[in-house]
Amino acid sequence: MKTHTQSFATLCMVLLSATMLCFTTGYQVGDEGRDFSLKNIDGKMLSMKDMKDAKGVILVFTCNHCPFSKAYEERIIALDKKYAPLGYPVIAINPNDKTREPEDSFENMQIRAKEKGFSFPYLYDETQEIAQSYGATRTPHVYVLKKEGAKFIVKYIGAIDDNSDEPEKVTAKYAENAVDALLANKAVATPETKAIGCGIKWKAQ
Amino acid sequence: MMFLITLPTYAQSPTLKTIGFDTFFSDTISKSSGIIVLNFWATWCKPCVAELPTFEEANTKLKERGQVILANLDFNSQVDKLVVPFLEKRKFNSKVVHIDSANPDAWINKVDSNWSGAIPATVIYFNGEKRFFHEGEMTGEELNKAIELIAPSK
Numbered sequence: 016m017k018t019h020t021q022s023f024a025t026l027c028m029v030l031l032s033a034t035m036l037c038f039t040t041g042y043q044v045g046d047e048g049r050d051f052s053l054k055n056i057d058g059k060m061l062s063m064k065d066m067k068d069a070k071g072v073i074l075v076f077t078c079n080h081c082p083f084s085k086a087y088e089e090r091i092i093a094l095d096k097k098y099a100p101l102g103y104p105v106i107a108i109n110p111n112d113k114t115r116e117p118e119d120s121f122e123n124m125q126i127r128a129k130e131k132g133f134s135f136p137y138l139y140d141e142t143q144e145i146a147q148s149y150g151a152t153r154t155p156h157v158y159v160l161k162k163e164g165a166k167f168i169v170k171y172i173g174a175i176d177d178n179s180d181e182p183e184k185v186t187a188k189y190a191e192n193a194v195d196a197l198l199a200n201k202a203v204a205t206p207e208t209k210a211i212g213c214g215i216k217w218k219a220q
Numbered sequence: 008m009m010f011l012i013t014l015p016t017y018a019q020s021p022t023l024k025t026i027g028f029d030t031f032f033s034d035t036i037s038k039s040s041g042i043i044v045l046n047f048w049a050t051w052c053k054p055c056v057a058e059l060p061t062f063e064e065a066n067t068k069l070k071e072r073g074q075v076i077l078a079n080l081d082f083n084s085q086v087d088k089l090v091v092p093f094l095e096k097r098k099f100n101s102k103v104v105h106i107d108s109a110n111p112d113a114w115i116n117k118v119d120s121n122w123s124g125a126i127p128a129t130v131i132y133f134n135g136e137k138r139f140f141h142e143g144e145m146t147g148e149e150l151n152k153a154i155e156l157i158a159p160s161k
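Chains as they are written, first to last, in our numbering: chain R, 16 to 220; chain Z, 8 to 161.
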């Protein structure tokens, strides 16, 4: 994180006259989300374009060790089961550096996915390039993308819902509401939310 | 009387009250004078726990210039089970509060619009006004530098 913050600060200093740039790292709603080719827990490489029949993708940056990620596992499975048949499958990506958090290694991803019965792909962003391009900072961090032609456009960025700890007390299902709106060809009412989460474990320099 | 004076004083009460950020801000931060270093942390966050001694040290160094407040963000349901025993073991001198973990989208931007919600995160207020924000870990040197820029020690 330190390296990330420092290079970011340097960028800000270099671009003092264009301060806006300091606040636009990562994607904003409306941007095109880049595709990727990352290793899935089954050992095969996967890209968004491989989801042939998809109308979009629910991209979730998550990991094994983080209590917030664990608290949301059941809800991420439920999202996939509900929305994959409607054209919005979940793709989960673990961006954490395994040196800083050994529990987030590829082998442990395979174990965790099996234990919890993940119905969706769980990819390893070993270089952290995808998390950095998207501007993900914490786990879980959700990006809902809609397929427009061959492009995937970011339509929602943020939390899954408004209560990580107690699912029965959730009052706003942000991610579901976003996908429902997209399926109905409507604008997403709340396109961006924030949540407390585990900071992504960036590689040390 | 002597007996009373020699009674040990506990820096940390054995229970921890949960408070919403808005109430905490209006009751404590906005009325404060001098420096408040507010550090967001949780028992499950390894980098947060690792840097707590840095903040304890800063609290000691601040003396009359102000104080450090450790804002805990563990799940509401786990305060008694995880946070209270942790505090009993560590016996921090800094003040500790537990911030209500429900509906974080409602208050994260009030802390700082650049905060993504990842922890650790640190804010420094001077006379109730925000003067510094940092998302991510801080070394003792970085924290000192930030404090000195706002309120230099004599």
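Backbone N, C-alpha and C fix where the C-beta goes; we use that ideal spot for every residue, glycine too. If you're wondering where the values come from, they're calculated on a predicted model, not measured in any experiment.
Within the stretch 51 to 136 of chain R, the runs of alpha helix (DSSP H) that reach at least 4 residues and sit entirely inside it are, in chain order, 82 to 98, 121 to 131. A contact is defined here as three or more CB-CB pairs under 8 angstroms, and the stretch 29 to 49 of chain Z meets this definition with respect to the stretch 66 to 77 of chain Z.
Not a single CB atom of chain Z sits nearer than 9 angstroms to the CB of R/Thr114.
Under the 10 Å beta carbon count, Z/Glu142 is surrounded by 16 or more other beta carbons and is classified as buried. For Z/Phe31, same chain residues with a beta-carbon under 8 angstroms away, outside a window of 5 residues either side, are Ala78, Val104, Ile106 in chain order. Z/Gln74 is bridged by DSSP to Z/Ile43. Ranked by Cα distance from R/Ile211, the first of Z/Thr146, Z/Ser108, Z/Lys96, Z/Ala158 is Z/Ser108.
The three-state secondary structure of R/Arg49, taken from DSSP, is coil.
DSSP, read as helix, strand or coil, puts Z/Asn121 in coil. Contact note: Z/Pro92 does not reach chain R at a C-beta cutoff of 8 angstroms; the least C-beta distance is about 16 angstroms. Against chain Z, the CB of R/Gly173 has a partner CB under 9 angstroms away; the residue lies at that interface. Taking the CA atoms as reference points, R/Ile175 sits about 16 angstroms from R/Phe135.
For R/Lys184, the residues of chain Z that pass the 8 angstroms Cβ criterion are Ala109, in the order they occur in the chain. By the beta-carbon neighbour count (other beta carbons within 10 angstroms, threshold 16), R/Glu130 is exposed. Listed along chain Z, the residues sitting closer than 7 angstroms to R/Arg153 by beta-carbon distance are Ser123, Gly124, Ala125. In chain order, Ser84 make up the part of chain Z whose C-beta sits under 7 angstroms from the C-beta of R/Glu181.
Under the three-state reduction of DSSP output, R/Ile175 falls in the coil class, being neither helix nor strand. Contact annotation: R/Lys97 and Z/Trp122 have beta-carbon atoms that are not nearer than 9 angstroms. Taking a beta-carbon distance threshold of 9 angstroms, R/Pro82 counts as an interface residue toward chain Z. Interface residue (Cβ-Cβ distance to chain Z less than 9 angstroms): R/Ile215 is classified as such.
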